[in-house]
């Protein structure tokens with residue numbers, strides 16, 4: 325029987341992934357760019373907002389003219405005119421003068437602050453009383469307060485958020501240059517697997533992994549080819565992979581990744597032209613029989629056939645690969661999660677990273693604040709005893725708890741960080 | 325001057341949102357359903373995997389026949405045949421018999437466990453020695469271990485994840501019934517605003533909010549109509565809103581939501597047929613001038629014009645509205661975040677909820693473990709002093725820290741939960 329020579333650590337595999345090169349760039353419409361990754365840094369072409377702008381309804385003034393003003397000691401100023409919305413203000417404010425202005429209006433030359441309308445009253449003729457002093461710059465935005473010309477606003481590799489698109493719109497960027505979307509081919513292998521739209525005969529099961537892995541890829545911004553099923557037939561698998569490599573940035577096979585009697589994936593990958601096997605076997609549970617190879621910059625990934633293991637491996641390795649191919653410079657080092665108290669002890673093995681599926685149960689209020697100085701701890705994480713061959717282990721879980729390589733287990737009642745499986749908000 | 329009668333709390337507004345009804349259902353292809361919300365619970369139509377299945381390469385046995393077996397005291401069994409992959413196993417295992425089986429194969433009748441191939445050796449003729457005992461059920465999945473017929477696997481209102489699509493595929497669900505996507509019309513108002521593909525004259529600025537809010541809506545599964553710009557003209561705005569209401573589930577206006585001289589949104593909403601004003605003014609910073617109204621089940625939402633405030637309000641109120649319209653039953657009560665040490669003190673006001681934009685800085689290693697029993701604290705949250713009228717306050721921030729209503733501020737060095745603004749993983 326074949327066997328794994330040496331298990332690599334999760335971190336070693338993640339380092340291999342960083343050796344792939346980001347894909348080329350394309351220019352697309354701004355409103356299509358959510359979640360895409362900037363291929364070039366974005367530098368402010370001009371100041372934003374570009375002119376001094378009021379943030380309230382009131383009177384534009386020279387701050388020194390209302391110094392010391394109050395309800396019982398109002399400053400007396402001369403009304404010099406109105407600033408009209410959406411137009412350049414042609415007024416030039418002299419000493420002791422004020423101009424009426426609305427939120428968003430352009431300040432007149434000479435003004436350096438705005439007094440809110442609530443603190444003004446008419447004083448006869450063109451005179452008005454202002455009953456509140458303001459500091460220079462108060463109730464206004466400076467012409468370059470949002471961004472100054474030449475400033476790098478968004479770095480290369482940035483994954484574009486709603487606020488980023490807003491910033492780019494503010495500068496009139498109708499198009500944006502981003503890395504192309506990775507094209508990923510997904511194959512399943514195994515003589516017992518049938519397509520999901522088929523009724524399985526006894527001893528057969530439907531293809532699960534193609535659909536779950538495809539969805540994960542799409543959520544990461546990839547274009548997916550569902551390349552179907554290949555039986556336990558090394559030549560057929562070799563031929564199919566070879567064809568898919570020509571038109572995809574990665575070929576992902578689930579099944580056949582172990583070192584057993586019908587595991588052909590590793591030999592199929594290593595027989596491709598100029599291929600390099602980067603990893604076969606990871607110190608990871610569930611998911612030990614994981615394969616990563618490359619042929620040029622095309623990634624070849626072998627996931628376990630067990631449905632739970634396949635999806636855990638995809639979260640741990642395929643997501644970072646897709647981020648890397650899209651040129652992401654700052655992998656989310658601050659991975660969000662929730663803190664929870666572990667519901668029962670867990671055994672692991674030194675040197676292996678375990679991903680434990682947990683359900684979150686609300687803690688009763690009296691148990692929520694056990695650690696001084698910490699926000700309330702609302703959850704108990706109950707490990708699920710579901711085999712890695714069951715997809716329901718992941719649908720029933722709300723999150724994953726990691727037992728790191730340097731631990732032989734986790735204690736009951738230990739406070740752990742839970743990575744949520746429903747990534748929605 | 326008009327003014328807010330009474331500010332509502334964030335929780336009061338969220339309660340209004342729960343009064344909207346979920347939208348109708350439609351049936352779509354499984355592979356299009358990621359992120360959509362189930363309109364009916366999903367009940368397992370049959371057992372999964374549907375037959376007893378090996379999870380290893382080895383020999384199917386009756387566990388009692390290998391009781392006590394070990395390296396120096398092997399159990400001697402009779403080889404009864406092979407279980408072929410993807411076929412019903414026609415063997416019936418008698419006492420003292422074993423059948424060869426591969427990972428994923430169907431167990432023969434009579435077998436209740438599998439001994440891994442590593443613990444087997446030939447013993448001449450049809451005899452073999454097994455050198456490891458197994459418990460009943462070991463190294464196999466029971467026919468209903470992933471799911472039992474009739475079991476509710478996914479509840480109504482579930483937001484479908486990659487693993488959910490895998491489970492549905494396992495049951496051959498090529499289509500799935502989900503709530504329709506909300507159709508959201510987005511308008512901007514303000515005489516000083518010009519379309520983003522226009523060069524603004526002095527005193528004008530480009531429309532930012534339409535693009536950032538549209539992206540946020542799309543990320544939440546909505547279909548967006550960018551309905552353009554309307555000036556500070558109540559009749560024009562009333563007419564446009566009335567038209568959009570006929571074909572959308574919500575109309576969102578940014579700008580004109582306050583109680584100032586050119587704020588028409590609230591009167592435009594209340595003048596629509598059968599409209600009900602649910603809220604004008606929230607005890608929230610940034611974002612006080614927020615409006616929520618309804619006309620039947622059509623939501624009318626007024627966001628502040630200030631670009632930062634608009635997007636915060638959209639995160640706090642528009643996202644839950646979109647979840648509600650899509651029938652989401654379990655709003656993510658376990659909101660993910662990272663814990664951080666606050667970099668400087670912050671003042672707030674009793675009774676108001678503040679959303680503070682923060683940058684995350686990595687803490688030096690010696691400061692990472694200050695709380696016994698807690699995972700390492702890796703981050704310092706540095707509040708950004710950027711006005712709410714600047715979009716860059718959100719593009720420069722990595723997250724938001726909430727100062728709740730019952731606090732008058734937060735202390736320097738306090739441990740806070742940071743909601744990440746880049747929701748990607």
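Protein chains in written order, with this note's numbering: chain L, 325 to 749; chain Z, 325 to 749.
Beta carbons: idealized from backbone N, C-alpha and C, even for Gly.
Every value quoted in this text rests on a predicted model; they were computed, and no experiment measured them.
| Asked | Found |
| --- | --- |
| Using only alpha-carbon positions, find the residue among Z:339, Z:712 and Z:691 that is nearest to residue 703 of chain Z. | Z:691 |
| Please determine whether the Cβ atom of residue 675 of chain L lies at a distance below 7 angstroms from any heavy atom of the ligand FMN. | Within the structure as shown, the ligand FMN is missing, as the structure has no ligands at all. |
| What are the residues that DSSP puts in a beta bridge with residue 403 of chain Z? | Z:422 |
| To the nearest angstrom, report how far apart residue 646 of chain L and residue 544 of chain L are at their CA atoms. | 7 angstroms |
| Nearest to residue 378 of chain L by alpha carbon, out of Z:729, Z:713, Z:723 and Z:739? | Z:713 |
| Does any residue of chain L bring its CB to less than 8 angstroms from the CB of residue 741 of chain Z? | yes |
| In chain Z, which residues lie less than 8 angstroms from residue 476 of chain L when you measure between Cβ atoms? | What residue 476 of chain L touches in chain Z: nothing, since even the nearest Cβ is about 11 angstroms away. |
| Between the alpha carbons of residue 441 of chain L and residue 451 of chain L, how many angstroms are there, rounded? | 14 angstroms |
| Check whether the region 402-417 of chain Z touches the region 338-346 of chain Z, taking contact to mean three or more Cβ pairs, one atom from each stretch, closer than 8 angstroms. | no |
| Are there three or more Cβ pairs, one per stretch, closer than 8 angstroms when the region 607-621 of chain Z is compared with the region 449-466 of chain L? | no |
| For residue 569 of chain Z, does the three-state DSSP call read helix, strand or coil? | helix |
| What residue range is occupied by the uninterrupted beta strand (DSSP E) comprising residue 786 of chain Z? | Given that chain Z is displayed from residue 325 to residue 749, the structure contains no residue 786 of chain Z and the question cannot be resolved. |
| Could you pull out every residue in the same chain whose Cβ sits closer than 6 angstroms to the Cβ of residue 564 of chain L, ignoring the five residues on either side in sequence? | 554 |
| Residue 474 of chain Z to residue 354 of chain L, Cα distance in whole Å? | 47 angstroms |
| Quick one: list the residues of chain Z neighbouring residue 532 of chain L, beta-carbon separation under 8 angstroms, in chain order. | 490, 491, 493 and 494 |
| Between which two residues does the beta strand (DSSP E) carrying residue 707 of chain L extend? | 703-707 |
| Among all the DSSP beta bridges, which residues are the ones paired with residue 453 of chain Z? | Z:400 and Z:445 |
| On the CB-based measure, 16 or more other CB atoms within 10 Å of its CB, does residue 350 of chain Z come out buried or exposed? | exposed |
| List the residues of chain L whose Cβ lies closer than 9 angstroms to the Cβ of residue 585 of chain Z, in chain order. | 381, 426, 427 and 441 |
| Assign residue 611 of chain L to one of three DSSP states: helix, strand, or coil. | coil |
| How big is the Cα-Cα spacing for residue 498 of chain L and residue 340 of chain Z? | 36 angstroms |
| Would you say residue 714 of chain Z lies against chain L (beta-carbon separation less than 8 angstroms)? | yes |
| Does any CB atom of chain Z fall closer than 8 angstroms to the CB of residue 411 of chain L? | yes |
| Pull up the CB-CB distance for residue 632 of chain L and residue 718 of chain L, whole angstroms please, since I reckon it's below 8 angstroms. | 6 angstroms |
| Going along the chain, which residues of its own chain have a beta-carbon closer than 6 angstroms to the beta-carbon of residue 733 of chain Z, five neighbours each way excluded? | 670, 671 and 672 |
| Would you verify that the beta carbon of residue 336 of chain Z is, or is not, closer than 8 angstroms to some beta carbon of chain L? | no |
| If you drop the 5 nearest sequence neighbours on each side, which residues of the same chain put their C-beta closer than 8 angstroms to that of residue 445 of chain L? | 398, 452, 453 and 455 |
| Going by DSSP, what residue range makes up the alpha helix (DSSP H) through residue 541 of chain Z? | 533-543 |
| Name the DSSP beta bridge partners of residue 640 of chain L, please? | Beta-bridge pairing links residue 640 of chain L to no other residue. |
| Output yes if chain Z places a C-beta closer than 8 angstroms to the C-beta of residue 625 of chain L; else output no. | no |
| Going by Cα to Cα distance, which pick from L:422, L:448 and L:583 is closest to residue 331 of chain L? | L:583 |
| When burial is assigned at 16 or more other CB atoms within 10 Å of the CB, is residue 533 of chain Z buried or exposed? | buried |
| Please report the residue range of the alpha helix (DSSP H) in which residue 716 of chain Z lies. | 716-719 |
| Counting contacts by CB-CB distance shorter than 8 angstroms, is residue 542 of chain Z in contact with chain L? | yes |
| Rounded to the nearest angstrom, what separates residue 542 of chain L and residue 462 of chain Z at their Cα positions? | 36 angstroms |
| Of all the alpha helix (DSSP H) runs that stay within the bounds of the region 451-518 of chain L, which reach a length of 4 or more residues? | 486-494 |
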